[in-house]
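**Student:**
Numbering (the numbering used here), first residue to last: 12 to 402.
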């Protein structure tokens, strides 16, 4: 039987293998409660009350669940904020470890505003206990380690939520893909094809990619939203497009349709097949830099995977255009449900920072798997063409 320098027994958690002394009855590594009876009295009382709220929520019939849920969660939140823990070393440390386990549980779930709310609530209580620990007893490695994990997890989830909010415009892609899956574009808008909105036009059919005609009236009228950009010139094959302080060279078979503020959108195919190109460039009040992108790569992957159903980032790599614009390209696959049928799709997303005006640029490409033509090479050419406007 091992003992530390103070003569306390050294225990090993059977779940995660973390070693700790017998001063506590809960593993600081994973939150596993080794002996319920040896828990500090205040934590036992807290866990008992918390369990009651969770049991009520789980056992309530669906008919009353939504109404009762708000009441139960409000009382549960009050318990987390206001419960008075004993002020001895064992009680404070075990309470912090228990909170750590709750934060870890929420962090392992799919990130959304609900579990972020609970993480912030648990973190707020951990901050109170940490300040109490600093007053009551001297430095403790266990307290510092547990508290650091809670704070780091809160910051990580907060970044993830912020990134998802920033990418909210791109999340709109799935709605657009579904909207145009069976219907071609008419009058520069997206909607059902009826006799009233079918437009006869003398503009030539777009050829070279796919077998569906896109009404070129959309191309003539330009953006269907309030996107701020300008076409610099038009050739037979390439349309240089300026968005803010960057220029993109886009093949002319991409027809702009559905653009909005800070969001450019174009299609090469619609109606039973979808090939779509989108460029969004939102502001970010936090740091916008390559270093921030690399440091936040995990959160970026999570945000991209939230765009579509069953979306998975398969790989990513650093990318630099022919003009020195540098970012990260993410490759992904996804599925979406349309009329009860699952359709596969794949695509890429280049993310790069615009440090001058605190913007992130996301250049997104998506095609449904029923398209025979290969757009990937041309998309990479678009990425290679990106250059910053000279001052």
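Each residue gets a CB set at the ideal place from its N, CA and C atoms; glycine is no exception. Model, not experiment: these values are computed from the prediction.
(1) Apart from the five residues just before and just after residue 260, which ones in its own chain have a Cβ nearer than 7 Å to its Cβ?
(2) Checking the sheet assignment: what are the DSSP bridge partners for residue 251?
(3) For residue 29, count the other beta carbons within 10 Å of its own beta carbon; 16 or more makes it buried, fewer makes it exposed. Which is it?
(4) Out of 167, 302, 265, which has the shortest C-alpha to C-alpha gap to residue 290?
(5) Under 6 Å Cβ to Cβ from residue 374, same chain only, skipping five residues before and after it: list those, please.
(6) Could you tell me the alpha carbon to alpha carbon distance between residue 68 and residue 126, rounded to whole angstroms?
(7) Do the segment 53-65 and the segment 89-97 meet, that is, are 3 or more Cβ pairs less than 8 Å apart?
(8) Secondary structure at residue 135, three-state DSSP: helix, strand or coil?
(9) Can you tell me which of the three DSSP states residue 377 falls into?
(10) Out of curiosity, what's the CA-to-CA distance linking residue 171 and residue 165?
(11) If you check the beta carbons only, do residue 330 and residue 324 fall under 8 Å apart?
(12) From the DSSP output, in three-state form, read off residue 199 for me.
(13) Residues in its own chain within less than 6 Å of residue 102 by CB, not counting five upstream and five downstream?
(14) Fully enclosed by the segment 288-351, which alpha helix (DSSP H) runs are 4 residues long or longer?
(15) What residue range does the alpha helix (DSSP H) around residue 386 cover?
(16) With three or more beta-carbon pairs closer than 8 Å as the criterion, would you say the segment 144-163 touches the segment 351-368?
(17) For residue 130, collect the residues of the same chain with a Cβ closer than 8 Å to its Cβ; drop the 5 residues on either side in sequence, then sort them by chain order.
(18) Whose CA, out of 133, 22, 377, lies closest to the CA of residue 343?
(19) Determine the closest residue to residue 147 out of 120, 128, 123, 104, with distance taken between C-alpha atoms.
(20) Quick one: residues in its chain with C-beta nearer than 7 Å to the C-beta of residue 142, no 5 flanking neighbours on either side, listed in chain order?
(21) Whole angstroms are fine: how far does the CA of residue 40 sit from the CA of residue 121?
(22) What residues in its chain sit with their C-beta under 7 Å from that of residue 46, if we drop five residues either side in the sequence?
(23) Who pairs with residue 2 in a beta bridge, going by DSSP?
(24) Using a Cβ-Cβ cut-off of 7 Å (strictly less than) and excluding sequence neighbours within five positions of residue 367, which residues of its own chain qualify?
(25) Under the DSSP definition of a beta bridge, which residues are partnered with residue 398?
(26) Pick out whichever of 88, 138, 123, 144 has its Cα sitting closest to the Cα of residue 98.
(27) When the Cα atoms are used, what is the spatial distance from residue 345 to residue 321?
(28) Leaving out the 5 sequence neighbours to the left and right, which residues in its chain are closer than 8 Å to residue 310 when beta-carbon positions are compared?
**Tutor:** On the basis of the data shown:
(1) Position 249 of the chain shown holds residue 260. The answer, listed in chain order, is 249, 251, 393, 396.
(2) If you number the chain shown from 1, residue 251 lands on position 240. Note: residue 251 sits in a beta bridge opposite 260.
(3) The residue given as residue 29 occupies position 18 in the chain shown. Classification for residue 29: exposed.
(4) Mapped onto the chain shown, residue 290 falls at position 279. Per the Cα distances, 265.
(5) For the purposes of this step, residue 374 is taken as the residue at position 363 of the chain shown. Closer than 6 Å at the Cβ level, and outside the excluded window around residue 374, lie 290, 361.
(6) One-based indexing of the chain shown puts residue 68 at position 57. One-based indexing of the chain shown puts residue 126 at position 115. Taking the straight line joining both Cα atoms gives about 16 Å.
(7) Short answer: they touch.
(8) The sequence position of residue 135 within the chain shown is 124, counting from 1. In the three-state DSSP reduction, residue 135 falls in the helix class (H, G or I).
(9) In the chain shown, the residue the question calls residue 377 occupies position 366. Strand.
(10) As a working note, residue 171 is residue 160 in the chain shown. As a working note, residue 165 is residue 154 in the chain shown. Going by C-alpha positions, residue 171 is about 10 Å away from residue 165.
(11) Looking up residue 330 in the chain shown gives position 319. Looking up residue 324 in the chain shown gives position 313. For residue 330 and residue 324, no; Cβs fall outside 8 Å.
(12) As a first step, residue 199 is located in the chain shown; it is residue number 188 there, counting from the start. Unreliable positioning characterises residue 199 in this predicted model, as indicated by a pLDDT of 39, which lies under 50. The coordinate reading is nonetheless provided below. In the structure shown, the three-state DSSP call for residue 199 is coil.
(13) Locating residue 102 in the chain shown gives position 91, where the first residue counts as 1. So the list reads 51, 53, 96, once near-sequence residues are dropped.
(14) Taking only runs of at least 4 residues, the alpha helix (DSSP H) segments lying wholly in the segment 288-351 are 301-306, 308-316.
(15) Mapped onto the chain shown, residue 386 falls at position 375. Residue 386: not part of any alpha helix (DSSP H); DSSP gives it neither H nor E.
(16) With the cut-off at 8 Å, the segment 144-163 and the segment 351-368 do not touch.
(17) Working through the chain shown from its first residue, we reach residue 130 at position 119. Excluding residues within five positions, the ones whose Cβ falls inside 8 Å are 114, 117, 118, 164, 165, 168.
(18) By 1-based counting over the chain shown, the position of residue 343 is 332. It is 377 whose Cα lies nearest to the Cα of residue 343.
(19) Taking the first residue of the chain shown as position 1, residue 147 is located at position 136. That would be 104, whose Cα lies nearest to the Cα of residue 147.
(20) By one-based count along the chain shown, residue 142 stands at place 131. Excluding residues within five positions, none has a Cβ falling inside 7 Å.
(21) On the chain shown, position 110 is the one that residue 121 refers to. On the chain shown, position 29 is the one that residue 40 refers to. The alpha-carbon of residue 121 is positioned some 22 Å away from that of residue 40.
(22) Here residue 46 refers to the residue found at position 35 of the chain shown. Result list for residue 46: 36, in chain order.
(23) What is shown of the chain runs 12 to 402, which leaves residue 2 out entirely.
(24) Translated into positions along the chain shown, residue 367 becomes position 356. Answer for residue 367: 256, listed in chain order.
(25) Position 387 of the chain shown, counted from the first residue, corresponds to residue 398. DSSP links residue 398 through a beta bridge to 258.
(26) Walking along the chain shown from the start, residue 98 turns up at place 87. Closest option to residue 98, judged by alpha-carbon separation, among 88, 138, 123, 144: 144.
(27) Along the chain shown, read from residue 1 onward, the residue named residue 345 stands at position 334. Along the chain shown, read from residue 1 onward, the residue named residue 321 stands at position 310. Cα to Cα, residue 345 sits roughly 5 Å from residue 321.
(28) For this step, residue 310 is matched to residue 299 along the chain shown. The beta carbon of residue 310 sits closer than 8 Å to those of 167, 170, 171, 174, all from its chain and outside the five residues before and after it, given in chain order.
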